[in-house]
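First the structure, in the form of structure tokens, and then the observations on it.
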Amino acid sequence: MCLSAAAIPSADHVPEVETSLTDSSLDAGTNSTEEYDNYSVNLKQLYDYLDTIENIASPGCSAEVLNVALESMSQIVISLSLVVPRHTSI
Numbered sequence: 001m002c003l004s005a006a007a008i009p010s011a012d013h014v015p016e017v018e019t020s021l022t023d024s025s026l027d028a029g030t031n032s033t034e035e036y037d038n039y040s041v042n043l044k045q046l047y048d049y050l051d052t053i054e055n056i057a058s059p060g061c062s063a064e065v066l067n068v069a070l071e072s073m074s075q076i077v078i079s080l081s082l083v084v085p086r087h088t089s090i
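Using UniProt numbering, read the sequence shown as starting at 1 and increasing by one per residue.
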């Protein structure tokens with residue numbers, strides 16, 4: 001069953017995500033607790049969006065929905081590859 005775009009979850013539905021302090025930007029000691037909290041909230045929002053995409057582009061959805069999801073995710077991967085350091089694999 002395909003979900004419509006209106007099925008995007010509200011901010012109340014945020015999956016639990018364990019964040020790691022091994023990220024170099026967090027280890028630098030320049031980030032405050034508020035910046036870490038923002039990072040954590042943003043990471044949770046990312047996982048929420050990924051869950052939404054998985055639910056919308058599920059088996060049985062239309063070819064159009066699947067193609068839009070694939071094209072969009074492809075563009076995201078390309079964009080991220082431009083900002084991720086070369087030594088880090090995606």
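Idealized CB from N, CA, C, for every residue including glycine.
If you're wondering where the values come from, they're calculated on a predicted model, not measured in any experiment.
#### Entry: Simplified DSSP assignment, three categories, for V83
Residue numbering aside, residue 83 sits at position 83 when the sequence shown is read from its first letter. When DSSP states are grouped into helix, strand and coil, V83 belongs to the helix group.
### Query
Do you know offhand how far L80's Cα is from T33's?
Position 80 of the sequence shown holds residue 80. Position 33 of the sequence shown holds residue 33. Rounded to the nearest angstrom, the two C-alpha atoms are 26 Å apart.
### Task
Give the straight-line distance between the Cα atoms of C61 and Q45, rounded to the nearest whole angstrom.
As a position in the sequence shown, residue 61 is number 61, starting the count at 1. As a position in the sequence shown, residue 45 is number 45, starting the count at 1. Each residue's Cα considered, the two are about 24 Å apart.
### Message
If I follow the unbroken alpha helix (DSSP H) through S40, where does it start and stop?
### Response
As a working note, residue 40 is residue 40 in the sequence shown. Start and end: 33-56.
#### Entry: Coarse secondary structure for S62, derived from DSSP in three states
Locating residue 62 in the sequence shown gives position 62, where the first residue counts as 1. If DSSP states are grouped into helix, strand and coil, S62 belongs with coil.
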